[in-house]
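Asks:
Numbering (our numbering), first residue to last: 3 to 292.
See the structure below:
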């Protein structure tokens with residue numbers, strides 16, 4: 003899930019993990035028992051800096067059903083019309099609270115999922131590509147409204163076994179449509195390149211993929227790339243996350259004739275495979291053992 007305020011000043015990303023693909027503890031456990039490696043990752047972005055939390059917890063801290071998902075003190079509930087989130091987490095490595103609630107109201111539900119690899123072991127489902135989000139936090143004291151997005155990824159093996167890297171982005175085109183781009187470099191089989199458009203009538207359609215456009219690398223030298231209308235030059239407005247193998251950014255880009263802000267991520271699975279990365283992760287991703 004992600005959201006961007008209508009004035010572009012604030013952003014939010016939340017990921018609920020079962021078998022966290024980036025967890026060193028899950029890796030060191032041999033990728034066994036995914037329900038014993040669960041987390042809710044929450045990231046806030048704004049003018050006064052952000053907060054980021056991803057505390058991994060154990061199987062006893064997990065509760066889930068058809069309409070709810072809870073990890074420790076944080077939970078998600080679906081009431082048939084909106085996704086309600088109660089968040090109670092602590093950031094790392096500097097311990098600051100992230101507490102409050104937000105609500106994502108889909109304007110359309112997409113029923114179609116997409117394979118990301120030739121073997122069909124990895125699936126991406128853009129569930130609510132057109133949504134509104136309402137954020138009301140107590141710690142920090144922050145409230146805003148904006149556009150939102152909800153998707154789901156699932157797989158039958160570690161990501162780094164199937165992919166070398168990917169670039170993903172999504173944008174609200176501002177005319178009752180949204181767009182999402184997925185550019186995946188596979189380790190085996192064919193690469194996957196998706197350009198999707200969604201409208202409020204519920205139609206999801208694959209469309210011609212825009213030409214590639216380069217973006218500057220991050221401080222960690224993570225390569226970033228995107229797709230944009232021919233002749234246009236996307237630019238990075240702000241790098242929101244810069245990690246050894248991952249970057250999340252806010253772009254200004256031109257897609258399908260519209261100049262729009264876009265949420266963008268680049269993931270280097272080649273970098274994640276390196277031995278030196280994993281021992282660094284517990285500083286940002288602590289685990290509760292009791």
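Just so you know, even glycine gets a beta-carbon here, dropped at the ideal spot from N, CA and C. Note that the structure is a prediction, hence the values are computed from the model and not measured.
(1) Have a look at residue 275 and residue 27 and give me their C-alpha separation to the nearest angstrom.
(2) Alpha carbon to alpha carbon, how far is residue 206 from residue 136? Give it in angstroms, no decimals.
(3) Compute the beta-carbon to beta-carbon distance between residue 4 and residue 15, rounded to the nearest angstrom, for a pair I have assumed lies under 8 Å.
(4) Using a Cβ-Cβ cut-off of 6 Å (strictly less than) and excluding sequence neighbours within five positions of residue 88, which residues of its own chain qualify?
(5) Check for me: the beta strand (DSSP E) holding residue 38 runs from which residue to which?
(6) With residue 33 as the anchor, note down where its alpha helix (DSSP H) starts and where it stops.
(7) With distances taken Cα to Cα, identify the nearest neighbour of residue 180 among 95, 129, 163 and 90.
(8) Can you tell me which of the three DSSP states residue 131 falls into?
(9) Thinking C-alpha only, which one of 183, 249 and 64 is nearest residue 127?
(10) So who's on the other strand from residue 17, going by DSSP bridges?
(11) Taking the CB atoms as reference points, tell me whether residue 228 and residue 236 lie closer together than 7 Å.
(12) Within this structure, are the beta carbons of residue 157 and residue 190 separated by less than 7 Å?
(13) So which of 265, 259 and 260 has the shortest CA-CA distance to residue 241?
(14) Between the alpha carbons of residue 59 and residue 233, how many angstroms are there, rounded?
(15) Quick check on this structure: which residue in 80, 35 and 197 has the alpha carbon closest to the alpha carbon of residue 68?
(16) Alpha carbon to alpha carbon, how far is residue 22 from residue 112?
(17) Where does the unbroken beta strand (DSSP E) through residue 283 begin, and where does it stop?
(18) Are the CB atoms of residue 143 and residue 2 within a distance shorter than 7 Å?
(19) With distances taken Cα to Cα, identify the nearest neighbour of residue 155 among 132, 17 and 47.
(20) On the criterion of 16 or more Cβ atoms from any shown chain inside 10 Å, does residue 35 qualify as buried, or is it exposed?
(21) At which residue ranges does the region 82-132 contain complete beta strand (DSSP E) runs of 3 or more residues, listed in the order of the chain?
(22) From the DSSP output, read off the bridge partner residues of residue 54.
(23) Taking residue 164 as part of the alpha helix (DSSP H), name the residues at either end of that continuous run.
(24) Less than 7 Å separating the beta-carbons of residue 133 and residue 150?
(25) May I have the straight-line CA-CA distance separating residue 146 from residue 254, to the nearest angstrom?
(26) Do residue 211 and residue 197 have their C-beta atoms within less than 7 Å of each other?
(27) Kindly give me the distance between the Cβ atoms of residue 73 and residue 64, rounded to whole angstroms, as I take these residues to be in contact under 8 Å.
(28) Should residue 83 be labelled buried (16 or more other beta-carbon atoms within 10 Å of its own) or exposed?
(29) Run the CB neighbour count on residue 91, radius 10 Å, all protein chains shown included, and call it buried at 16 or more, exposed below.
Replies: Put simply:
(1) 15 Å
(2) 25 Å
(3) 5 Å
(4) 77 and 103
(5) Careful: residue 38 lies outside any beta strand (DSSP E) and carries neither H nor E.
(6) First-last for residue 33: undefined, no H or E at that position.
(7) 129
(8) strand
(9) 183
(10) 43
(11) yes
(12) no
(13) 265
(14) 47 Å
(15) 80
(16) 25 Å
(17) Run containing residue 283: none; DSSP gives neither H nor E here.
(18) Residue coverage of the chain in this structure runs from 3 to 292, which leaves residue 2 outside it and unanswerable.
(19) 17
(20) exposed
(21) 85-92 and 99-110
(22) 45
(23) 161-164
(24) yes
(25) 21 Å
(26) yes
(27) 6 Å
(28) exposed
(29) buried
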